[in-house]
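Right, one structure below, let's go through it.
Numbering (this note's numbering), first residue to last: 2 to 363.
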């Protein structure tokens, strides 16, 4: 009797589908279901096809030895297949350990994910903050550099103007001194010549006359400088007077503005007081009318006599006159108010634009 397996392609397809199903069951944690699936596939999806040839004339089902041999072969094949499938199924303790490790790692993974997300947000925020700080610092640096360059250029210009004026004055004085030294040298030379030759007397007189002229020029220049200095002092005094006048004008303007503001506030308070008084007067009249109505009702009912009520009201009138103070006359003017004093710094700020700058002229 001979036997063989048939249709290997169908067997491979069934085995692949069974393995995928078992893997899903194992991942879900249901080992019993996976084992049941293996047994079912082994019994249903993979039937054994045997072909027997024997020399007997009866069918194989009527031959007990052939049927026993066939059952033994099928049982061995089924046991081998089942053992092979069970080797791929993980044990329950391994699945429990895997689940335990996965459950312990899941919170840590979530914490790490949250930390990574917060770190990325902090990094983006710090990057934006650093970028804005860099832009602000660049703008401030550029503005400060521009202001410093402008101030330096203005100071250099003032220094150059002052140096030019001093150079002109020094040049004029140096020219006069050089010409005077030249004349003195010529005089000394002519003195020596005159000792040897009396004809140099005329030249000496001419040089002395020139010396006198140069001295007069020096005096004229000194007088001119003195006149300019006096004019500058007068101009400075006039500018100081104008500055004081502007300061006083600014002080008056500031005080006038403050007084106007106080007057507006007092007018507003006066209007509020008048409106409040108008609101309270009808209430007082209403209370008085209600009291009179109650009094007339009591008199009408006979529960109160006129003489007794009159005596009681007169007594109450005396008590009220003692309690009510004498009415004070409201003064809505600003003469009694303690107005703030205007400082010189405020006056300088208000009137600073009208004072001319005399730094260039000085």
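Note that beta-carbon positions come from the ideal geometry of N, C-alpha and C, so glycine has one too.
Here the structure is a predicted model, which is why all the values come from computation and not from measurement.
Would residue i and residue j be called neighbours here (beta carbons separated by less than 8 Å)?
| i | j | result |
| --- | --- | --- |
| residue 296 | residue 310 | yes |
| residue 208 | residue 184 | yes |
| residue 307 | residue 300 | yes |
Would you grab the beta carbon distance between residue i and residue j for me? Rounded to a whole angstrom, and I think it's under 8 Å.
| i | j | result |
| --- | --- | --- |
| residue 181 | residue 215 | 6 Å |
Would you say residue i faces chain D, with C-beta separation under 8 Å as the test?
| i | result |
| --- | --- |
| residue 207 | Structure shown: chain D not included; a single protein chain is present. |
Query raised in the report: Any chance the region 135 to 145 sits against the region 170 to 183, with 3 or more Cβ pairs inside 8 Å?
Result: no
Report task. Note down, one range per segment and in chain order, each alpha helix (DSSP H) of at least 4 residues found wholly within the region 248 to 274. Result -> none
Query raised in the report: Where in the region 177 to 239 do unbroken runs of the alpha helix (DSSP H), each at least 4 residues long, occur, reported from the N-terminal end onward?
Result: none
Query - Contiguous beta strand (DSSP E) assignments of at least 3 residues, all confined to the region 73 to 156 - result: none
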